[in-house]
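Undergrad: Just so we're on the same page, this note's numbering is the position in the sequence shown counted from 1, plus 13.
Just so it is clear, CB atoms sit at the ideal spot from N, CA and C, and this is done for glycine as well.
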Amino acid sequence: MNFLRGVMGAQSAGPQPSGAETIQKLCDRVASSTLLDDRRDAVRALKSLSKKYRLEVGIQAMPHLIHVLQTDRSDSEIIGYALDTLYNIISNDLEEEEQEENSQKQVEDLGSQFTEIFIKQNDNVTLLLSYLEEFDFQVRWPGVKLLTALLKQQGPPVQQIILVSPMGVSRLMDLLADSREVIRNDGVLLLQQLTRSNAAIQKIVAFENAFERLLDIITEEGNSDGGIVVEDCLLLLQNLLKNNNSNQNFFKEGSYIQRMKPWFEVSDDNAGWSAQKVTNLHLMLQLVRVLVSPTNPPGATSSCQKAMFHCELLQQLCTILMATGVPADILTETINTVSEVIRGCQINQDYFASVNAPSNPPRPAIVVLLMSMVNERQPFVLRCAVLYCFQCFLYKNQKGQGEIVSTLLPSTIDATGNSVSAGQLLCGGLFSTDSLSNWCAAVALAHALQENATLKEQLLRVQLATSIGNPPVSLLQQCTNILSQGSKVQTRVGLLMLLCTWLSNCPIAVTHFLHNSANIPFLTGQIAENLGEEERLVQGLCALLLGISIYYNDNSLENYKKEKLKQLIEKRIGKENFIEKLGFISKHEFYSRAAQKPQPSFSSPDHMMFDHEFTKLVKELEGVITKAVYKSSEEDKKEEEVKKTLEQHDNIVTHYKNVIRVQDQELEELKKQVDSLKVQNEQLQTTVTQQVSQIQQHKDQYNLLKVQLGKENQHHTSHSDVAQMNGVQPEEISKLHEQIEEWKHKLELLQEQLKEKDSLIETLKLSPTAGGTTEQSSQTNKPSSGSEADNELYKEVETLRSQIQSQSTDISKLQTENQELLQKLSLTPVPVSGDNGTVMVSKTADMEGSVSTLLRETKELKNELAALNQEKASLKQQLDSSNSTVAILQNEKSKLQLEVAESKKEQDDLLVLLADQDQKIIALKNKLKELGEPVEDEDDIESGDQGEDDEEEDGEEEKD
């Protein structure tokens, strides 16, 4: 308040006294008037005066305006005037003609002070949030503008109040769904201020479906062709995603990356891009980079990179990269974006290697970009972007490194000269007259060798033709020749970084470097001289290169062994001076800048000195080189002995590791075979079980048919008995014997019986023949079937045949008696109707049909029985085969168990042997410690060339 009084006092001499008095009267009317219309008019007048008399209105009217907001909620008009007045007081967005040139800072402080007064009571901000729920335009829009101004003036305190307010953020998110574009667009600006540097609010906004709504707005506005609204939405998306891993993961999991692809669909005619479109596309590219930034967690970055490949967003970016007519700043940002999309992602790097530029003949995109990098007429930022793209393409990409180096090897160079390769462009840039091209080419070639000892050795084979008639020289020799010619500092720094990267962790390259007798004197001369400030950086790099030549020296050259090189340093340079010059590198300002982030960003070409990956190498080697230089010859000898012992131990361990690895592989193969045989055994057992169930089903069907056949036989037997009773008729014959005297009266009946017997005789004469045939077929088939049903059928047929024969005998007796009676009576036979005979014949025919049906069914059952017997035999054979297979598998399993036991025994022997070796190593270390040698760090460093597998194995052996 003291500040406000001072400001008011300073301004009181300027304005007319009537203004302050008017404001005071208006404030009194607002406070004391009972009529709503009077208060409304007073607030409207304050609004009109709030821009010109901002300070006075703010000091005198703010409490009254807040009171109006609290009490006059029912009248939207007065609420709108009050909100507009508060906005004019707090906001600094005044028109230029209303601002004094010397009072800009004072105006900013004024808005901040008024904001502090307003938010001192948290209820004021909560009250303002409640007004944002009103749909009335006259209330909602001024409320949005006022809250935005509060956030601009006092962001963190207002954010905290909104965060703790119930449903505070959710109320603000509803602004994006407002159908009135003015409120929706200002709502986007409000959320920009709200989400600035507050991760908690960013998460809440993201989970309130902000991504979906903002992407919908961008699509409705025309993507990159949209206006300022698209720009505001993109800025809000950056606020939500930048440095917020949770929101980035939510964005990826929600499949919102796929919705970014239409942003980068540019037409073939790229002429005449508007400034707004350039701004929008620039922000869109930056948003992609936020998702794949190297500073993000590696897992999150990798998943976003893969998602961008699968949704073809990377392909769309490469299309822009190779398009014509794209503005330079968009092309540069696109190159940087593609760089980070492919960085460390093998699938994206492989795709980028396959991209061709639309030229005739087609050239790889990498070659086209390298042509721009080594062209001194291209803009500096574009050349830096291409270098970054090349570095990202080679980052953790041994396949790509091999392809680049292979273009330099003699066997792969195009002899016709029709096409330019990446290797040729790098060599051309390395030895051009442009120092920036020299530096970029040297750094690019160093990245092709990064952490790849094989390619470092292969690059030693590269030969260069310097001039006609002169023999070719190696690439290593040519680099040292240019270095010694005293070129520009930038060129020498680039070549020294290349040589340090090349020689590090590659003793063969060190030997080739030392083989040139001029190299060591040049390095010692450079280090020993007292040169200017600019040359200090070169001296430090020369010291680093000389230290690498000592540390990675395998003592294969007699004149340049480690001890002799250290003596040379002590005589010509001095150890302290050497270490001091070596320390110049890490103390340099350019080194600190380069170590911050992978992307090369320099304010001018002269500041382009260090590469990010090289700073890591310096940090790794500076300490070990210092220790290596200070070691004495005796310490070196002891260290060599320890090294030899360790190498022997490592060789033994490696040998046994290989043996164990081979045994493990064989064991795995045998386990796989056992597993496959188990699966086969289970399949066979399942098949056998199925077949057994099928056999049981067939047995059940057979028993059912057998029961049905027995019932039918009983039925046919009862019919034949009835037929026999009807055919024989013994009661009628006895009556004839008893009533001989009544033959005259019963002559007609006897004739009918005679006719019936005659027809029966003719039928039965045919039956024995059929019966005999049936008997023969039954006897023929009986031995083959051997079933109980056939035996029963055979017995039933025999019984039926015997019954027929007995009936035939009875009939013949009756015929004889009938003839005797006829002779006695001497009567003429009278024809009688043959109803009984007809019945007898039909019954006999039915019986014969039943017999034939039984015979046919018997035959079918025999056939089915034979088929079942055959199937049973085949199933039994398969079961025997399965049992034999199971027995074989069990034998193989027992053999494998024996082999596993033998392998374990061999491994135990190996562990005992390794334990003995460890004891020897510990004894040697103890001896070194007794001599005062700190061996723990040196041993770790000397054994650093071993892989992670060796370290894990050694750890397990020490535990044992």
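Do the stretch 890–903 and the stretch 680–695 meet, that is, are 3 or more Cβ pairs less than 8 Å apart?
TA: Touching, per the Cβ criterion.
Undergrad: So, helix, strand or coil for L477, using DSSP?
TA: Residue 477 sits at position 464 when you count from the first residue of the sequence shown. Three-state DSSP puts L477 in a strand.
Undergrad: With a cut-off of 8 Å on the beta carbons, I'd call I130 and M75 a contact; round off their distance for me.
TA: The sequence position of residue 130 within the sequence shown is 117, counting from 1. The sequence position of residue 75 within the sequence shown is 62, counting from 1. Right, their Cβ atoms sit about 7 Å apart.
Undergrad: Please report how far the alpha carbon of S839 lies from the alpha carbon of E769, in whole angstroms.
TA: Taking the first residue of the sequence shown as position 1, residue 839 is located at position 826. Taking the first residue of the sequence shown as position 1, residue 769 is located at position 756. Note that S839 scores a pLDDT of 45, beneath 50, so its modelled location is shaky and nothing firm can be said.
Undergrad: Measuring straight from C-alpha to C-alpha, what distance separates V642 and L439?
TA: Here the question's residue 642 lines up with position 629 in the sequence shown. Here the question's residue 439 lines up with position 426 in the sequence shown. Approximately 35 Å between the Cα atoms of the pair.
Undergrad: Quick one: what's got a C-beta closer than 8 Å to L254's C-beta in the same chain, skipping five residues either side?
TA: Position 241 of the sequence shown, counted from the first residue, corresponds to residue 254. So the list reads N260, Q261, F264, L300, V303, L304, once near-sequence residues are dropped.
Undergrad: Can you say whether N257 is buried or exposed, counting buried as having 16 or more other CB atoms within 10 angstroms of its CB?
TA: On the sequence shown, residue 257 is found 244 positions in, with the first residue counted as 1. The residue is buried, with at least 16 neighbouring Cβ atoms inside 10 Å.
Undergrad: What separation, rounded to the nearest whole angstrom, lies between the Cα atoms of Q126 and N105?
TA: Counting from one through the sequence shown, the residue named residue 126 turns up at place 113. Counting from one through the sequence shown, the residue named residue 105 turns up at place 92. Approximately 12 Å between the Cα atoms of the pair.
Undergrad: According to the Cβ coordinates, are G553 and K588 closer than 8 Å?
TA: As a working note, residue 553 is residue 540 in the sequence shown. As a working note, residue 588 is residue 575 in the sequence shown. Cβ atoms of G553 and K588: not closer than 8 Å.
Undergrad: Helix or strand or just coil, what does DSSP make of R390?
TA: What you label residue 390 is simply residue 377 of the sequence shown in a count that begins at 1. Three-state DSSP puts R390 in coil, outside helix and strand.
Undergrad: Residues bridged to P377 by DSSP?
TA: Position 364 of the sequence shown, counted from the start, is the residue given in the question as residue 377. DSSP output for P377 lists N369 as bridge partner(s).
Undergrad: State the DSSP-derived secondary structure class of V486, mapped to helix, strand or coil.
TA: Start at 1 with the first residue of the sequence shown, and residue 486 comes out as number 473. Reduced to three states, the DSSP call for V486 is strand.
Undergrad: For V456, count the other beta carbons within 10 Å of its own beta carbon; 16 or more makes it buried, fewer makes it exposed. Which is it?
TA: Here residue 456 is taken as the residue at index 443 of the sequence shown, counted from 1. Answer is buried; the Cβ neighbour count reaches 16.
Undergrad: Compare the Cα-Cα distances from P170 to each of V56, S315, W154, N137 and report the closest residue.
TA: Along the sequence shown, read from residue 1 onward, the residue named residue 170 stands at position 157. For the residues V56, S315, W154, N137, the minimum Cα distance to P170 belongs to N137.
Undergrad: Give every residue of the same chain whose Cβ lies closer than 6 Å to the Cβ of L923, excluding the five residues on either side of it in the sequence, and list them in chain order.
TA: Taking the first residue of the sequence shown as position 1, residue 923 is located at position 910. Here the set comprises Y669.
Undergrad: How is E971 classed by DSSP in three states: helix, strand or coil?
TA: The residue you call residue 971 lines up with position 958 of the sequence shown. Low confidence applies to E971: its pLDDT is 46, below 50, so where it sits in the model is not reliable enough to give any reading.
Undergrad: Please report the distance separating the alpha-carbon of W452 from that of L468.
TA: Here residue 452 is taken as the residue at index 439 of the sequence shown, counted from 1. Here residue 468 is taken as the residue at index 455 of the sequence shown, counted from 1. If I take the Cα positions, the gap works out to 21 Å.
Undergrad: Here's the rule: buried if 16 or more other CB atoms are within 10 angstroms of the residue's CB, otherwise exposed. What is F365?
TA: Taking the first residue of the sequence shown as 1, we reach residue 365 at position 352. Buried is the call here.
Undergrad: In whole angstroms, what is the alpha-carbon distance linking G32 and P179?
TA: The sequence position of residue 32 within the sequence shown is 19, counting from 1. The sequence position of residue 179 within the sequence shown is 166, counting from 1. For G32 and P179, the distance between alpha carbons rounds to 41 Å.
Undergrad: Three or more C-beta pairs under 8 Å: does that hold for the stretch 619–633 against the stretch 499–516?
TA: Taking 8 Å as the limit for Cβ pairs, the verdict is that the stretch 499–516 does touch the stretch 619–633.
Undergrad: Which of helix, strand or coil does DSSP assign to N465?
TA: Counted from its first residue, the sequence shown places residue 465 at position 452. Coil at N465, not helix or strand.
Undergrad: Near I561, what residues of its chain come up, given a Cβ to Cβ distance below 8 Å and the 5 sequence neighbours on each side ignored?
TA: Stepping through the sequence shown from its first residue, residue 561 is reached at position 548. Correct list, in chain order: C513, L516, S517, V523, L634, I638.
Undergrad: Between K584 and I563, how many whole angstroms is the CB-CB distance? I'm expecting something under 8 Å.
TA: Locating residue 584 in the sequence shown gives position 571, counting from the first residue. Locating residue 563 in the sequence shown gives position 550, counting from the first residue. Contact flag wrong, Cβ pair sits at about 15 Å.
Undergrad: In whole angstroms, give me the CA-to-CA distance for Q612 and P618.
TA: By 1-based counting over the sequence shown, the position of residue 612 is 599. By 1-based counting over the sequence shown, the position of residue 618 is 605. Between Q612 and P618, the C-alpha separation is close to 15 Å.
Undergrad: What number of angstroms, rounded off, separates the C-alpha of T699 from the C-alpha of L717?
TA: Along the sequence shown, one-based indexing puts residue 699 at 686. Along the sequence shown, one-based indexing puts residue 717 at 704. C-alpha separation (whole angstroms): 27 Å.
Undergrad: Distance, Cα to Cα, R272 vs L228?
TA: In the sequence shown, residue 272 corresponds to position 259, counting from 1. In the sequence shown, residue 228 corresponds to position 215, counting from 1. Answer to the nearest angstrom: the Cα atoms are 8 Å apart.
Undergrad: Going by DSSP in three states, Y565 sits in which element: helix, strand or coil?
TA: As a working mapping, residue 565 is identified with position 552 in the sequence shown. DSSP places Y565 in coil when its eight states are reduced to three.
Undergrad: With a threshold of 8 Å between beta-carbons, can N105 be considered close to chain D, or not?
TA: Looking for chain D here will not work: only one protein chain is present.
Undergrad: CA-CA distance, T981 and E225?
TA: For residue 981 there is no data in the structure shown, the boundaries of the chain being 14 and 973.
Undergrad: Looking at T98 and L59, is the spacing between their C-beta atoms short of 8 Å?
TA: Along the sequence shown, one-based indexing puts residue 59 at 46. Along the sequence shown, one-based indexing puts residue 98 at 85. In this structure, T98 lies closer than 8 Å to L59 by Cβ.
Undergrad: Are Q503 and M622 close, meaning C-beta to C-beta below 8 Å?
TA: For the purposes of this step, residue 503 is taken as the residue at position 490 of the sequence shown. For the purposes of this step, residue 622 is taken as the residue at position 609 of the sequence shown. Yes; because the gap between Cβ atoms is below 8 Å, this pair is in contact.
Undergrad: Hey, how far is the Cα of S210 from the Cα of F220?
TA: Counting from 1 along the sequence shown, the entry for residue 210 is found at position 197. Counting from 1 along the sequence shown, the entry for residue 220 is found at position 207. For S210 and F220, the distance between alpha carbons rounds to 17 Å.
Undergrad: Should E233 go down as buried or exposed, given a rule of 16 or more other Cβ atoms within 10 Å for buried?
TA: Along the sequence shown, read from residue 1 onward, the residue named residue 233 stands at position 220. The residue is exposed, with fewer than 16 neighbouring Cβ atoms inside 10 Å.
Undergrad: Taking only three categories from DSSP, how would you classify A336?
TA: Along the sequence shown, one-based indexing puts residue 336 at 323. It is coil, neither helix nor strand.
Undergrad: Provide the residue span of the alpha helix (DSSP H) that contains Q151, from first to last.
TA: Here residue 151 refers to the residue found at position 138 when the sequence shown is read from its first residue. Looking at the DSSP string, the run of the alpha helix (DSSP H) that includes Q151 is 150–166.
Undergrad: Exposed or buried, what is V720 when buried is set at 16 or more other beta-carbons lying within 10 Å of its beta-carbon?
TA: The residue given as residue 720 occupies position 707 in the sequence shown. The residue in question, V720, is exposed, as its Cβ has fewer than 16 Cβ neighbours within 10 Å.
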